[in-house]
Amino acid sequence: MLFRQAGIRHTDYAADRALFPIPADRVMVGALLLFAALAPLLVSSLALNSYVTPWLVWTSAALGLNLILGWAGQFHFGYAAIMGIGAYATVHGVRNGIPWEIAIVLGGLTATVVGIVFAFAALRVKGLYLALSTLALQFVMDWVISHLPAISGGVGATLQAPAMRLLGQPVQSEWGLYYVALGWCLLVTMFMLNLRRTALGRALVAVREKDFAAAVIGVQSFRYKLVAFATSSFIGGVSGAVLIFTFYHAVTPEQFAVNVSIELLAMVIVGGLGSIIGSWFGAAFILLMPGQIHAFIAWVAQLAGAEIGVETLAHIPHAVYGGLIIIFLLVEPMGLGKLYANVRNYLLVWPFGYARK
Amino acid sequence: MDLYYFLELGINGALAGLMYSLVAMGLVLIYKSSSVPNLAQGALTMVGAYVVLVFADTVGAPMWAAIPLAMLTMCGVGIGIERVALRRLAGRPIVMILMMTLGLDIFLRATTMAIGGGTARPLNIGISDDPLFLGPLLLNRAYVVGAVVALALFVVLLLFFRTRRGVVLRAISDDYTASWSVGISVERGVALSWALSSMVATAAGVLWGSIQGVDQSLSLLLLKGITVAVLGGMDSLGGAILAGIGLGTLEAVAAGVLDPLLGGGTRELVVALVLILTIMVRPHGLFGRHDIERL
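Going line by line, the protein sequences match chains A and B. Counting from 1, one number per residue, gives the positions in the first sequence under our numbering. Counting from 1, one number per residue, gives the positions in the second sequence under our numbering.
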């Protein structure tokens, strides 16, 4: 029906290798892009500011983590630290008079360098030990960021981010911040979509599936793991900086602590490993769900006339968040992206379900 | 800065380190039987302390009854977690298993907080605050008790591994396919290891809770526990004890020296660095047996 494949015949290689070979997908992407462009008109200012913009930035960060976890199959429990490095580097750059566009690239490159150091330290082992060493590096980076006055501005200090200037124009309105976040997120998404079709992406998948099998067919697994760490660190660093400039407007070490790393992992896992649309769904789910649960429980309690303590109410969303991770892993380990793919695959051949390949 | 000061720091640190070993032993028990690195061990420790509080304060049982009752309850919790959450993940990629234990960690912590409240509650198990004098050295009485309990539990576990059931567990940790083929119920063995681990976690929770009060920070023992476990070798109980002593001593002395210089918070740093160094230099730990795949 919606995604009808019948009668679509690709007569040249370009059409066959298009990003969206099925017209229905193209129409949908076009409609979504139009909606995204008009979103400031359609969505209330509160929702735009506090939900949509952070969602876009977290999606780009989740995509960056998905690159290393879903594509290259390497653990990264310290992704928030990488984002923090990028954010601090950019903020310091802008405060010292470097133009924003250059500072953010420098921030991304700083994060890349730190990410490669991570990788050199961590890639000597794999599996559980890789996870633990990146986790330990997250703690070390936390400590370094918060205890070096040159970076954090002193223990427990908050560093104000200067106003963003893009090509000399100050960007301060909600619209402007939203478009910056949207632009970055679309850029990362396009990169990830294209990664699937490149030699690099296929090499990463080969390394993920079995690194010595990849080595046998001539893919240097260590080199590609390094490339994956570096690329995803760059995306993470820039995402951290964009997060600061479009959403938080000030930077503290707590914004990039270990629980943020775990939240990002949850976004990727709930969304689906290696699924791009899944990262969009996962980020939305993990980011927006706690508030909704909170409101829902308060509403139910009000209906039932029951009194729920503030503290209890504050912790229930976290419990639900943990519970949902458990349920997802048990019921649909490939996450929301797989659920979407199931629906899409069903509609591809509807109403001729028996014709499934 | 004299010798006695460092000796005191070191000995108290070693005693505290033995209490980290309690958390690490729980991790080792589960890892040995099912190769699951249980990142929810910190949360289990915290839940254990809360369950003791429930029995002691809400039900009104005396402490000597509340602790065994809590241990029994926690056995049930451990078996339940294994049955519901982890058995179905057997054979799945390790990223799923790690994420599952992280999810369990978040879930257990938040549920306990939602029920028990976030304010720290005292847990008095009748250890006086007076220091213990050992010549010119002052020892923390609670640490001494904790260290004795840790060693006692270690001996009990060693003896347990010599019984029939313990031999079954050892067989499973050796080779679970082979154990299956000779008729050992691997599922039951793994469940048993979760039960044991939860009991050890309860002991750790009670001891740490009596020192620092019962609140969410008990679950932060995970980092120290896992460092001790990795340093000792993920599948070695004795390694966990020795590594606990080592890490505790190092952490206390390093914090005593570095804290004034670097402005505090060096304990976590030392622990994280020890974890990284262990993984870099000797990933299978001091006494671990598994061969770690390396590049």
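Using N, Cα and C, we set each Cβ at its ideal position, and we do this for glycine too. Just so you know, these numbers come straight off a predicted model, no measurement behind them.
**OP:** Can you have a look at H10/A and say buried or exposed, based on whether 16 or more other CB atoms are within 10 angstroms of its CB?
**Re:** Mapped onto the first sequence, residue 10/A falls at position 10. H10/A should be labelled exposed.
**OP:** Would you kindly report the start and end of the unbroken alpha helix (DSSP H) that includes M141/A?
**Re:** Position 141 of the first sequence, counting from 1, holds the residue named residue 141/A. 128 to 147 is the span of the alpha helix (DSSP H), which, as asked, contains M141/A.
Subject >> Assumed close pair W143/A, L269/B - CB separation to whole angstroms, cut-off 8 Å >> reply: Working through the first sequence from its first residue, we reach residue 143/A at position 143. Working through the second sequence from its first residue, we reach residue 269/B at position 269. Contact check for W143/A and L269/B: beta-carbon distance about 5 Å, within the 8 Å limit, so the pair qualifies.
Subject >> Exposure of K126/A, with buried meaning 16 or more beta-carbon neighbours within 10 Å >> reply: Counted from its first residue, the first sequence places residue 126/A at position 126. Flag for K126/A reads buried.
**OP:** Put L166/A into one of helix, strand or coil per three-state DSSP.
**Re:** Counting from one through the first sequence, the residue named residue 166/A turns up at place 166. DSSP places L166/A in the strand class (E or B) of the three-state scheme.
Subject >> Exposure of W71/A, with buried meaning 16 or more beta-carbon neighbours within 10 Å >> reply: For the purposes of this step, residue 71/A is taken as the residue at position 71 of the first sequence. With 16 or more neighbouring CB atoms inside 10 Å of its own CB, W71/A falls in the buried class.
Subject >> Sub-8 Å separation of I241/B and F154/B beta-carbons >> reply: Indexing the second sequence from 1 puts residue 241/B at position 241. Indexing the second sequence from 1 puts residue 154/B at position 154. Yes, Cβ-Cβ distance for I241/B and F154/B is below 8 Å.
Subject >> Beta-ladder partner(s) of R121/B, from DSSP >> reply: Against the second sequence, residue 121/B aligns to sequence position 121. R121/B is bridged by DSSP to V214/B.
Subject >> Cα-Cα separation between L18/B and L123/B, rounded to whole angstroms >> reply: If you number the second sequence from 1, residue 18/B lands on position 18. If you number the second sequence from 1, residue 123/B lands on position 123. Inter-residue distance for L18/B and L123/B is about 20 Å (C-alpha atoms, whole angstroms).
Subject >> Cβ neighbours of V180/A in the same chain (closer than 8 Å, five flanking residues each side left out) >> reply: Within the first sequence, residue 180/A is the residue found at index 180, counting from 1. Counting only residues of its own chain and dropping the five nearest sequence neighbours on each side, V180/A has a CB closer than 8 Å to the CB of M164, L166, V171, V242, F245, T246.
Subject >> Residues near L339/A in its chain [Cβ-Cβ closer than 8 Å; skip 5 each side] >> reply: Position 339 of the first sequence, counting from 1, holds the residue named residue 339/A. Cβ neighbours of L339/A within its own chain (closer than 8 Å, five residues either side excluded): E332.
Original post:
Just the Cα atoms here: how many angstroms apart are S217/B and A90/B?
Top reply: As a working mapping, residue 217/B is identified with position 217 in the second sequence. As a working mapping, residue 90/B is identified with position 90 in the second sequence. Each residue's alpha carbon lies about 30 Å from the other.
Original post:
Under the rule that 16 or more other beta-carbon atoms within 10 Å means buried, what is T58/B, buried or exposed?
Top reply: As a working mapping, residue 58/B is identified with position 58 in the second sequence. Label assigned to T58/B: exposed.
**OP:** Determine which residues share a DSSP beta bridge with F133/B and list them.
**Re:** Counted from its first residue, the second sequence places residue 133/B at position 133. According to DSSP, residue pairing for F133/B in a beta bridge involves L138/B.
Original post:
Could you check where the alpha helix (DSSP H) with E254/A kicks off and where it finishes?
Top reply: Counting from one through the first sequence, the residue named residue 254/A turns up at place 254. E254/A: not part of any alpha helix (DSSP H); DSSP gives it neither H nor E.
Subject >> Residues sharing a beta bridge with A250/A, DSSP >> reply: As a working mapping, residue 250/A is identified with position 250 in the first sequence. A250/A is bridged to Q160/A.
Original post:
Going by beta carbon distance, what residues of the same chain come within less than 7 Å of W100/A, once the five residues before and after it are set aside?
Top reply: Residue mapping note: residue 100/A aligns to position 100 of the first sequence, counting from 1. Spatial neighbours of W100/A in its own chain (CB-CB distance under 7 Å, excluding positions within 5 residues in sequence) are listed in chain order as V94, M164, R165, L166.
Original post:
Shorter than 8 Å from the beta carbon of G117/B to some beta carbon of chain A?
Top reply: Position 117 of the second sequence holds residue 117/B. Chain A, which has a Cβ nearer than 8 Å to the Cβ of G117/B, makes this yes.
**OP:** Name, in chain order, the residues that DSSP records as bridge partners for V171/A.
**Re:** Here residue 171/A refers to the residue found at position 171 when the first sequence is read from its first residue. Checking the DSSP bridge columns, you'll see V171/A partnered with M164/A.
Original post:
Taking three-plus beta-carbon pairs below 8 Å as touching, is the segment 203 to 215 of chain A in contact with the segment 134 to 141 of chain A?
Top reply: Touching, no, given that fewer than three Cβ pairs across the two stretches are closer than 8 Å.
**OP:** For my contact list, V230/B and L275/B are in at a C-beta cut-off of 8 Å; report their separation, rounded to the angstrom.
**Re:** For this step, residue 230/B is matched to residue 230 along the second sequence. For this step, residue 275/B is matched to residue 275 along the second sequence. Cβ atoms of V230/B and L275/B come within 8 Å of each other, at about 6 Å.
Subject >> chain B within 8 Å of G291/A, Cβ atoms only >> reply: If you number the first sequence from 1, residue 291/A lands on position 291. G291/A does not count as touching chain B.
**OP:** Measuring only between beta-carbons, confirm whether A110/B sits less than 8 Å from chain A.
**Re:** Along the second sequence, one-based indexing puts residue 110/B at 110. With 8 Å as the cut-off, A110/B counts as an interface residue toward chain A.
Subject >> Buried versus exposed, by CB contacts within 10 Å (16 or more), P21/A >> reply: Translated into positions along the first sequence, residue 21/A becomes position 21. With fewer than 16 other Cβ atoms within 10 Å, it is exposed.
Original post:
Does V95/B have its Cβ less than 8 Å from a Cβ in chain A?
Top reply: Within the second sequence, residue 95/B is the residue found at index 95, counting from 1. Output row for V95/B: interface = yes.
Subject >> Contacts around M267/A, its chain only, beta-carbon distance under 6 Å, and the 5 residues preceding and following it disregarded >> reply: For the purposes of this step, residue 267/A is identified with residue 267 of the first sequence, where counting begins at 1. Closer than 6 Å at the Cβ level, and outside the excluded window around M267/A, lie A62, G282, A283, I286.
**OP:** Check the Cβ of E268/B against every Cβ in chain A and list those closer than 7 Å, keeping chain order.
**Re:** Taking the second sequence and counting its residues from 1, one reaches residue 268/B at position 268. Under a criterion of Cβ atoms nearer than 7 Å, the residues of chain A adjacent to E268/B are, in order, F139, W143.
**OP:** For F256/A, I'd like the list of residues in its chain whose CB is within less than 8 Å of its CB, leaving aside the five on either flank, ordered along the chain.
**Re:** By 1-based counting over the first sequence, the position of residue 256/A is 256. Residues A80, A81, M83, G84, A87, D142, I145, G240 of the same chain have their beta carbon placed closer than 8 Å to that of F256/A, with the five preceding and five following residues left out of the count.
Original post:
Listed in chain order, which residues of the segment 226 to 251 of chain B have Cβ atoms closer than 9 Å to some Cβ of chain A?
Top reply: Of all residues in the segment 226 to 251 of chain B, I226, T227, V230, M234 have a Cβ within less than 9 Å of some Cβ in chain A.
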